[in-house]
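First up is the structure itself, then whatever we jot down about it.
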Amino acid sequence: MKNCINCNHPIEETSHFCPNCGANQGVKVVYVQNNNTNNNNKPVYLIVLCTLTICGSLFTIARALLYEFFAAITEDDGIATRGIIYIISSCGTIIGAVLMLARKLLGLYIYSVFQVIYIVTLGAAIYFYNNRFSLKPTNGLEEFSGVIFFYFGLPAIVFLVLYWLKDARKHLK
Ligand SMILES: [Zn+2]
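In the numbering used here, the protein residues as written are 616 to 788.
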């Protein structure tokens, strides 16, 4: 024996309808509460940012190793120093991005510090080269430094801003 799901009247185990109230016993509606759709939805925006950061930082490390190679040939200490700073700051931003993938707010701070170091170093390098070759205005370095800033500096600043937007930051604790 079982009981009717509607009126609790005792009915045969095999019967599909209650003899008392006529309710269908076959269909039991179960409401599954899906908690995942509310609070823990995947932070796609943050994951994309972190993935791009890790790829970009690895690219910067490769570029910096090239600088070190040039520095060794030309014995330019300035290039060598900047190369090392780029490598250190890129390792820092990778650590920050990995921590942010693990939803750690600390990652945002680590990322920001090293990203600022990178931007300042890049800005200083552009400033240094513009001044150094200012006596030769026709060598196209103005344009060159503009290109460097556009492809390496601007994205770094944009990313720093994007990470601090609420859409990314709200996923970090
Ligand atoms: Zn019933």
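Virtual Cβ for every residue (Gly too), placed ideally from N, Cα, C.
For the stretch 697-716 against the stretch 668-679, do three or more pairs of beta-carbon atoms, one drawn from each stretch, fall closer than 8 Å, so that the two count as touching? Enough Cβ pairs lie closer than 8 Å, so yes.
With DSSP collapsed to three states, give me the class of PHE729. Of the three classes helix, strand and coil, the one that applies to PHE729 here is helix, per DSSP.
Between which two residues does the alpha helix (DSSP H) harbouring PHE684 extend? That run of the alpha helix (DSSP H) goes 659-689.
By alpha-carbon positions, which one of ASN639, TYR726, LEU661 and PHE632 ends up nearest to VAL786? For clarity, residue 786 is His in the given sequence; the question names Val instead. From the listed residues ASN639, TYR726, LEU661 and PHE632, the smallest Cα separation to HIS786 is found for LEU661.
Expected contact under 8 Å - CB spacing of ILE700 and THR736 to nearest Å: About 5 Å separates the Cβ atoms of ILE700 and THR736, confirming a contact at the 8 Å cut-off.
Per DSSP, which one or two residues make a beta bridge with LEU626? Rather than Leu, the amino acid found at residue 626 in this sequence is Ile. Looking at the DSSP output, ILE626 shares a beta bridge with LYS617.
Under the three-state DSSP convention, the category TRP779 falls into: Reduced to three states, the DSSP call for TRP779 is helix.
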